[in-house]
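Novice: First, the structure itself, so that you have it in front of you.
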Amino acid sequence: MIWNPHYESMEREKLTKIQSDRLCELVDRVYRKVPFYRKRMKEMGVSPAGINGIADIVKLPFLTKDDMREVYPFKLLAVDPIDIVEVHTSSGTTGKPVVDAYTRQDISIWSEAMARTLAMCDTTRTDSVHNAYGYGLFTGGLGVHYGARLIGANVIPISGGNTSRQLAILQDFKSTILTCTPSYSLYLAEAGREQGIDFKKLSLRVGLFGAEPWSEGMRKEIEAKLYLKALDIYGLTEIIGPGVASECEYQDGLHICEDLFYPEIIDPKTGEVLPDGKEGELVITTLTKQGTPVLRYRTRDITYLNHETCRCGRTAVRMHRLLGRTDDMLIIRGVNVFPSQIEEVLLRIEGVEPHYQLIIDRQEQLDILEVRVEMNEQLFSDEIKNLERFESEISQGLYAALGIHTRVKLVEPKTIPRSEGKAKRVIDKRQL
Amino acid sequence: MTLKQISVFLENKKGRLAEVTKLIASEKINIRALSLADTTDFGVLRLIVNDPDRCFAVLKEHSFVAQQTDVIAVEVLDKPGGLQQILDVFDENNINIEYMYAFVEKKTDNAIVIFRIDQPARAIDALERNKITVLSSETIRKL
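Residue numbers (our numbering), protein chains in the order written: chain S, 530 to 961; chain X, 168 to 310.
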């Protein structure tokens, strides 16, 4: 079912016209209302007068993750603060999180985008959506919530955690749609199997999974274990949250709501825009957002675009499932983690040398981050309790900085490869 | 009189302990006593050897993380209550034991217990006041 055929299946020419009008209006608005954008545009020698259509988007400056920190908390605000009705932030946190401030209209845009996502798997008023994305500052929980509400489906706002209650409710409430991270779905399957739950007998028919990277292999496993159709969804706090793009029943690329979020693929080195089929960094412009509009945000996610009309009838451009990152960001249990954050915590502890290694693995469907730290004479003690205290100091520091539990392992000196580039620091063993 | 104990950091890896003992043997250093404290991921090997300074240097040369710590060695009568007598002295004097391990001396019937104590001088003093023999490093070396 197509939620909004007018936009989702629009002829290209008409859509381009709408994108163009919206971009011109957006540029004019942010130039007037956001000093940050005005300054950037002036530096590039471009003014609203020079933007006459979507093709002119290449003249506009990019917005980076670092910029997002610079504008913290509200320097991107393009409306009167009184018009903000809700705020969300990104999960990963070195220093400053990314802030997304929504007006009432932005919440409507978000609901619309998520309703389109949910409709991809034919969600209607008769469905019950078991929403196990976290509710809170994280956009996942409320994003799904708003979309389901717009459709009129029954939302079960169970949020994350408490797996046995999740399993009981899945059975008792006869939920038809499951929304959570892909790894959590497998964790549910595993825990359910241990409790003797037959997933064939549950009412689940579709799962919308996102917020972390996963693969076709994992999709097959999820579908086989949970007896449902697994669809990939994509979104990010910087843009709106979930709802930016999602797979239809053909599972052949994620349709981007491009009348709302205009995508480009660029060469991450040169910034040059690349054609369909060429892998590069995904850049998104929020064409209609009011509160904190985003101009050419560099997502650091690598993918490519396909403008062919899909078998489902949608003309909305499709992006391939994520192929990687342009930076070294890791997504661990749905939380964004940069190795530099870990380094910062380690080096704050006296005596720790910058010889560490991160090993990421997936055990029993959950991501495990092991931080290996080299022992040295300054840190060493003949007493085990001192070494254990040191380990727990590290893991507590990491928990405070990252919000996730890590496994700290002390290793012998010179066992971690020396400065051979970033790659060696991180060993990702997950079979994604 | 304290003596020097060598402690070595070891990852819980197959053959790692044997590598240390082999290295020490190849240097003709004799191990008098040892104890291994372990956790899931790593262990700390504690050694009493006939030549601690050379042992320490050799380990460092081979990139082991090692440390020298002062411990005390006490002769304990090899009969019921032998150890108790010593522990009572520590207890009466509020002396806290971090860890301890024992070995048996060949030439006499006595056991030797190694104590790791925060303030060894206080412990030695208390033991000697109670007529308990604290062994010198020289004695240990000659065992």
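Cβ atoms here follow ideal geometry from the backbone N, Cα and C, with glycine treated the same way. None of these values were measured; they are calculated from a predicted model.
Is there at least one non-hydrogen atom of the ligand ADP closer than 6 Å to the beta-carbon of residue 763/S?
Specialist: The model depicted lacks the ligand ADP and carries no ligand whatsoever.
Novice: Using alpha carbons as the reference points, say which of 655/S, 666/S and 769/S lies closest to residue 733/S.
Specialist: Locating residue 733/S in the first sequence gives position 204, where the first residue counts as 1. The candidate whose alpha carbon is nearest that of residue 733/S is 655/S.
Novice: For residue 622/S and residue 599/S, what's the separation of their Cα atoms in angstroms?
Specialist: The sequence position of residue 622/S within the first sequence is 93, counting from 1. The sequence position of residue 599/S within the first sequence is 70, counting from 1. Per-residue confidence for residue 622/S stands at a pLDDT of 49, beneath the threshold of 50, marking its modelled position as unreliable; the derived number appears in the next sentence. The straight-line gap from Cα to Cα measures roughly 14 Å.
Novice: Could you give the distance in angstroms between the alpha-carbon of residue 741/S and the alpha-carbon of residue 860/S?
Specialist: By one-based count along the first sequence, residue 741/S stands at place 212. By one-based count along the first sequence, residue 860/S stands at place 331. Using only the alpha carbons, I get a separation of about 6 Å.
Novice: Buried or exposed: where does residue 539/S fall if 16 or more other Cβ atoms within 10 Å of its Cβ makes it buried?
Specialist: For the purposes of this step, residue 539/S is taken as the residue at position 10 of the first sequence. Flag for residue 539/S reads buried.
Novice: Is there a Cβ of chain C sitting closer than 7 Å to that of residue 597/S, yes or no?
Specialist: Here the protein chains are S and X, and chain C is not one of them.
Novice: In angstroms with no decimal places, state the Cα-to-Cα distance between residue 284/X and residue 260/X.
Specialist: The sequence position of residue 284/X within the second sequence is 117, counting from 1. The sequence position of residue 260/X within the second sequence is 93, counting from 1. Roughly 12 Å between the two C-alpha positions.
Novice: Tell me which residues share the same chain as residue 719/S and place their Cβ nearer than 7 Å to its Cβ, disregarding the 5 neighbours each side in the sequence.
Specialist: Position 190 of the first sequence, counting from 1, holds the residue named residue 719/S. The residues are 893 and 894.
Novice: With DSSP as the reference, label residue 840/S as helix, strand or coil.
Specialist: Translated into the one-based positions of the first sequence, residue 840/S becomes position 311. Coil, per DSSP.
Novice: Using Cβ-Cβ distances below 9 Å, what residues of the stretch 277 to 295 of chain X are close to chain S?
Specialist: Those would be 283, in chain order.
Novice: Would you say residue 763/S and residue 783/S are within 7 Å of each other, going by their C-beta atoms?
Specialist: In the first sequence, counting from the first residue as 1, residue 763/S sits at position 234. In the first sequence, counting from the first residue as 1, residue 783/S sits at position 254. Their beta carbons are under 7 Å apart, which means residue 763/S touches residue 783/S by this criterion.
Novice: What did DSSP end up calling residue 641/S once you bin it into helix, strand or coil?
Specialist: If you number the first sequence from 1, residue 641/S lands on position 112. Helix at residue 641/S.
Novice: Spatial neighbours of residue 204/X within its chain, please: C-beta separation below 6 Å, excluding the five flanking residues on both sides.
Specialist: As a working mapping, residue 204/X is identified with position 37 in the second sequence. Excluding sequence neighbours, residue 204/X sits near 211.
Novice: To the nearest angstrom, how far is it from the Cα of residue 206/X to the Cα of residue 747/S?
Specialist: Taking the second sequence and counting its residues from 1, the one referred to as residue 206/X is at position 39. Taking the first sequence and counting its residues from 1, the one referred to as residue 747/S is at position 218. Approximately 34 Å between the Cα atoms of the pair.
Novice: Considering only DSSP beta bridges, list what residue 708/S is partnered with.
Specialist: For this step, residue 708/S is matched to residue 179 along the first sequence. In DSSP, residue 708/S forms a bridge with 660/S and 737/S.
Novice: Would you kindly work out how many angstroms separate the C-alpha atoms of residue 678/S and residue 838/S, rounded to a whole number?
Specialist: As a position in the first sequence, residue 678/S is number 149, starting the count at 1. As a position in the first sequence, residue 838/S is number 309, starting the count at 1. C-alpha separation (whole angstroms): 29 Å.
Novice: Looking at the secondary structure, which residues open and close the alpha helix (DSSP H) in which residue 270/X lies?
Specialist: As a position in the second sequence, residue 270/X is number 103, starting the count at 1. That residue, residue 270/X, is in no alpha helix (DSSP H); its beta strand (DSSP E) goes 264 to 271.
Novice: Should the stretch 775 to 795 of chain S be called in touch with the stretch 809 to 819 of chain S, which here means at least 3 C-beta pairs below 8 Å?
Specialist: Verdict: yes, contact present.
Novice: Just the C-alpha distance for residue 944/S and residue 229/X, rounded to the nearest angstrom, thanks.
Specialist: Within the first sequence, numbered from 1, the residue matching residue 944/S stands at position 415. Within the second sequence, numbered from 1, the residue matching residue 229/X stands at position 62. The alpha-carbon atoms of residue 944/S and residue 229/X are separated by roughly 13 Å.
Novice: Could you run through the stretch 204 to 220 of chain X and flag, in chain order, every residue whose CB is less than 7 Å away from some CB of chain S?
Specialist: Cβ contacts with chain S come from 204, 206, 208, 209, 211 and 213.
Novice: Could you check what DSSP says for residue 667/S in three-state terms: helix, strand or coil?
Specialist: Position 138 of the first sequence holds residue 667/S. Of the three classes helix, strand and coil, the one that applies to residue 667/S here is coil, per DSSP.
Novice: Which of helix, strand or coil does DSSP assign to residue 216/X?
Specialist: Walking along the second sequence from the start, residue 216/X turns up at place 49. If DSSP states are grouped into helix, strand and coil, residue 216/X belongs with the strands.
Novice: If you draw a straight line from the C-alpha of residue 295/X to the C-alpha of residue 235/X, how long is it?
Specialist: Reading the second sequence from its first residue, position 128 is the one you call residue 295/X. Reading the second sequence from its first residue, position 68 is the one you call residue 235/X. If you take the alpha carbons of residue 295/X and residue 235/X, they lie about 24 Å apart.
Novice: According to DSSP, residue 204/X sits in a beta bridge with which residue or residues?
Specialist: Stepping through the second sequence from its first residue, residue 204/X is reached at position 37. Note: residue 204/X sits in a beta bridge opposite 211/X.
Novice: Taking 7 Å as the CB-CB cut-off, is residue 890/S touching chain X?
Specialist: To locate residue 890/S, count along the first sequence from 1; it is residue 361. Not an interface residue.
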